[in-house]
Amino acid sequence: MMVQHTQRTCHYAARFPNTIREYRLKSGLSQRKLAELLGRKRNAISSWERGLTLPSVPLLLRMAKILGTLAESLYMEFYSTFRQEGVVANLAGA
């Protein structure tokens, strides 16, 4: 099965921005194959990639292992606690 490398447009704004698709493509996996490895349906993978829903923590950790990365790299915005402006403001106020 051919893996599509072109950017897809989404009609909805991503509520949970992520890099699942990029890591999946680097690993050479289709949505269907990743879904099989995780015991889910392809629609779940699609929904996660589009940022409409979130995987459970155990699934996120398994997916990261399959994709050869850390869970933090799949959802960077959840792990960046400080914004550059906020760091300066917090340090000045402390």
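Residue numbers 1 to 94, in our numbering, belong to the letters of the sequence shown in order. Glycine included, every Cβ here is placed at the ideal spot set by N, Cα and C. Small disclaimer: the values here were computed from a predicted structure and weren't measured.
With 16 other Cβ atoms within 10 Å as the buried cut-off, status of residue i
i, result
"P55", "buried"
"E77", "exposed"
"R50", "buried"
Own chain, CB closer than 7 Å to residue i, minus 5 neighbours either side, in chain order
i, result
"A44", "A35"
"L67", "Y23, R24, S27"
"L38", "L59, R62, M63"
Rounded separation between residue i and residue j - CA only
i, j, result
"V31", "Y79", "It is worth fixing the name first, because residue 31 is Gln in this sequence and not Val. Their Cα atoms are separated by approximately 25 Å."
"L52", "A13", "8 Å"
"Y75", "K65", "14 Å"
Nearest to residue i (by Cα), restricted to the options the options
i, options, result
"S73", "I20, R15, L29", "I20"
"E18", "W48, R42, K65", "Note that residue 18 is Asn in the sequence shown here, rather than Glu. Residue W48 is the option with its Cα nearest to N18."
"F16", "K41, S46, R42, L29", "S46"
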